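Below you'll find the structure, written out as structure tokens, and then a few comments.
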Amino acid sequence: MSESLLGILLVTLLFLLILVGLLPEVLRWLAERNVQRRQQLVQAVRRLEQELRTLSVQLDPFHSLQAPQYRRIDDEVTQLLAQVQAEREAMAAPGALPFPRVTAVHWAIQHFAAYPRDAGRILYTWQRLRDMQRMVTAGEAVLAAAHQELGRLHQMPQQFCQDSQAILQQLQQVRDRLQQERGAGVTALETWEEEYGRLRRQAVQLNQQLQATETISLEAADALGQALNEVEAALARLDQGTQQLQQARLALDETFQRSSKTFADVEARVDTTRVPEGLHLLLGLITILHEETAVLRRNTQFPQATALLADSDALIALAAEVIAAGRQVQGVLPLLADSLTPQAIATLHQQLQRSEDELADRLEQLERQPAEVLPRPLLAVLRDVQTRMQQMQVEAAALQQAERDAAQRLARDLNQATTELNRAWQALQRTLPLAEGDLLAKKYHGLLQQRREAQGRPLPLQKLVAAARELTADIVTSHDYLRLRFENLGKLVRDYPQFVSAVEQDAAQWRCLQTQVAQVKECAMGIQQVWQKVKGTGWLDETHELLDEVKQLHQRAQTAYTDLEQQLQQFDNIVAHIERTIDYVQGAAGEMMDNGRINRVLGMVDMQYDEAYRAATCEQALAALQRAESFVNGLVTGA
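The sequence shown begins at 5 in my numbering and counts up by one.
Put into structure tokens, the structure is as follows:
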């Protein structure tokens, strides 16, 4: 802790030593330096004042000159001299400043101890002298600039000569620009060319007068400068005007080329097979506007040409919409015959025709002067037509999309209906393979052909879906009926041999019943022969005819069998009565009868039986049985 305090104490003592010993010596040196700088500044101020007076005298001859080039530089030099004069007046006189002297003592501290205010005076004088030095330096710089500008005044004739040559070069640029415009087809350049010729003649004359710059007096140089200034001002206007002319022409050309290209593209999209009157008039009006624009361009009437191009661009946009709407709506018209919504397509087509007719009426009534812009009310009407054309394009696109969607949906329905149709057809073919000429086969194959032709056509697709479903139902019905007939008649055919055997067995001993048996056998043979043909015809109608023939043969066989059964039943009834009577006679009644007689009667009955069995007709057989019955009845009655 003590060491730190000791260090601080030593530093403090050192600072005090410097403050007391060194600082007063520095102030004494500064006081002597102030005296030296005072002498230097006095001399510098005198030189500044003398040079200022000299420059003012040299500038006097130029004050009366009127040429803008002289006036500009003269004003600049005058301002510079006024600035130097103001800075000089702002300077304090070096002699008016306090310059205390430190007495010749051993230590300067002794002087400042006796005159403590001298320290502040020395520092004040040092600061003011620094300010004066800066002002003198600034004044010298300004005077140097003034000298330079004064030199420019003396060299002004040479500058005028250079300016005249620059004017000639700039005039050459203007001439080149005018030639470029004429080469670009602009013809109304006489005013510009006349002004160019006038300025060139003046510029050449001035340049010739300025060639001998050493002999030109100040007054002559002033007059030449004024003339040169007038030429420069006129040239500036000419240069600016021709630049604006060229820029306007280039801008117009760019717009014109873009408009012409767009118009050519629009014309290329015109369907030559269908050009409505409104579109024809519209394209003709655009052509006229472009021709008038070219005329205005040649006459440098660029604003009017730009206005006409704006109108033509509006008409080109309208023409593009008219063409697009016509193409879009015409693209929908082929769908009319096959559309599910034909009324919407017809209405859209009517709207297109009305809009085209309105456009034609408006353009036919148009009255305008050449190069005149289109009436604003007409443009408003045309914009309304354009809006409607755009809406029709949207509606046409929506209708086309709706037709495509409907076609896709109906195509899916037709695929499903066709799948069901094919399934039904294959099932029918497995039951009865039909020939291609069969009516049902023709319908089936014809529908498949129509399906290929109806792709993308909603109405035919819709009809085909209904037709496919209807044909499927017909095929299924025909197949079910055919299969049922095959099953029933097939079972009948399979059972016929057994049926024929039963018939033969029933009528085996009766000769008169063999006719019915023959009929049954004939029908059975016919059924077998027809049945073998049934599944090989390939024709549905012929198959049903054969099945009907089988049915008819079966009915004939049944009729013969019924006749046989009825006749046989009659025979059996008589035989049964005879047998019961014989049993009765041989039984109880036989004890009272003569056996011989009975035997004779029974013999006669047997003979009648044999005669009945051998009878050629059922009537003969029935008569024989009836006689046998009467014989037996005679036994009972005793006759």
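For each residue, glycine too, the CB sits at the ideal point set by N, CA and C.
What you are looking at is a predicted structure, and each value in this text was computed from that prediction instead of being measured.
Output the distance between the C-alpha atoms of residue i and residue j, rounded to the nearest integer angstrom.
i	j	result
residue 502	residue 431	32 Å
residue 366	residue 356	15 Å
residue 624	residue 561	24 Å
residue 204	residue 211	10 Å
residue 527	residue 441	31 Å
residue 614	residue 626	12 Å
residue 254	residue 381	31 Å
residue 138	residue 130	13 Å
residue 607	residue 540	60 Å
residue 180	residue 379	40 Å
residue 591	residue 583	12 Å
residue 637	residue 575	17 Å
residue 629	residue 599	22 Å
residue 404	residue 336	6 Å
residue 263	residue 314	9 Å
residue 279	residue 428	53 Å
residue 70	residue 171	Low local confidence applies: a pLDDT of 49 at residue 70 is under 50, so the model's placement there is unreliable, with the coordinate-based value given in what follows. Each residue's Cα considered, the two are about 21 Å apart.
residue 497	residue 488	14 Å
residue 261	residue 304	17 Å
residue 327	residue 387	15 Å
residue 395	residue 362	16 Å
residue 504	residue 603	39 Å
residue 208	residue 167	12 Å
residue 384	residue 425	60 Å
residue 646	residue 252	There is simply no residue 646 to check, as the chain begins at 5 and stops at 643 in what is shown.
residue 244	residue 134	53 Å
residue 479	residue 348	38 Å
residue 298	residue 354	38 Å
With a Cβ-Cβ cutoff of 7 Å, do residue i and residue j count as a contact?
i	j	result
residue 295	residue 375	no
residue 507	residue 524	yes
residue 537	residue 557	no
residue 175	residue 186	no
residue 455	residue 444	no
residue 570	residue 622	no
residue 414	residue 346	no
residue 200	residue 235	no
residue 589	residue 635	no
residue 293	residue 316	yes
residue 448	residue 513	no
Please classify residue i: is it buried, with 16 or more other beta-carbons within 10 angstroms of its beta-carbon, or exposed?
i	result
residue 529	exposed
residue 73	The predicted position of residue 73 is uncertain, since its pLDDT is 47 and thus under 50; a value taken from the coordinates is nonetheless stated next. The residue in question, residue 73, is buried, as its Cβ has 16 or more Cβ neighbours within 10 Å.
residue 360	buried
residue 206	buried
residue 195	exposed
residue 547	buried
residue 522	exposed
residue 632	buried
residue 8	exposed
residue 229	buried
residue 609	buried
residue 246	buried
residue 483	buried
residue 282	buried
residue 554	buried
residue 640	exposed
residue 565	buried
residue 352	buried
residue 370	exposed
residue 585	buried
Just checking my contact of residue i with residue j at CB under 8 Å: how many whole Å lie between their CB atoms?
i	j	result
residue 460	residue 411	5 Å
residue 1	residue 190	This structure cannot speak to residue 1, because the chain is shown only from 5 to 643.
residue 452	residue 458	That belief does not hold up - the Cβ atoms of residue 452 and residue 458 are roughly 11 Å apart, past 8 Å.
residue 438	residue 517	About 44 Å separates the two Cβ atoms, so there is no contact after all.
residue 435	residue 493	At roughly 13 Å, the Cβ-Cβ gap does not stay under 8 Å, so residue 435 and residue 493 are not in contact.
residue 300	residue 319	Actually they do not touch by this definition, with Cβ atoms about 17 Å apart.
residue 197	residue 182	6 Å
residue 620	residue 515	7 Å
Inspect the CB distances between the segment 379-394 and the segment 295-312 and report whether three or more fall short of 8 Å. no
Would you call the segment 285-294 in contact with the segment 315-329, where contact means no fewer than 3 C-beta pairs closer than 8 Å? yes
Do three or more CB pairs link the segment 396-410 to the segment 328-337 at distances below 8 Å? Contact holds: three or more Cβ-Cβ distances are below 8 Å.
Could you tell me whether the segment 411-423 touches the segment 464-473, using the rule of 3 or more Cβ pairs below 8 Å? Result yes; three or more Cβ-Cβ pairs closer than 8 Å.
Three or more beta-carbon pairs under 8 Å between the segment 266-275 and the segment 239-252, yes or no? no
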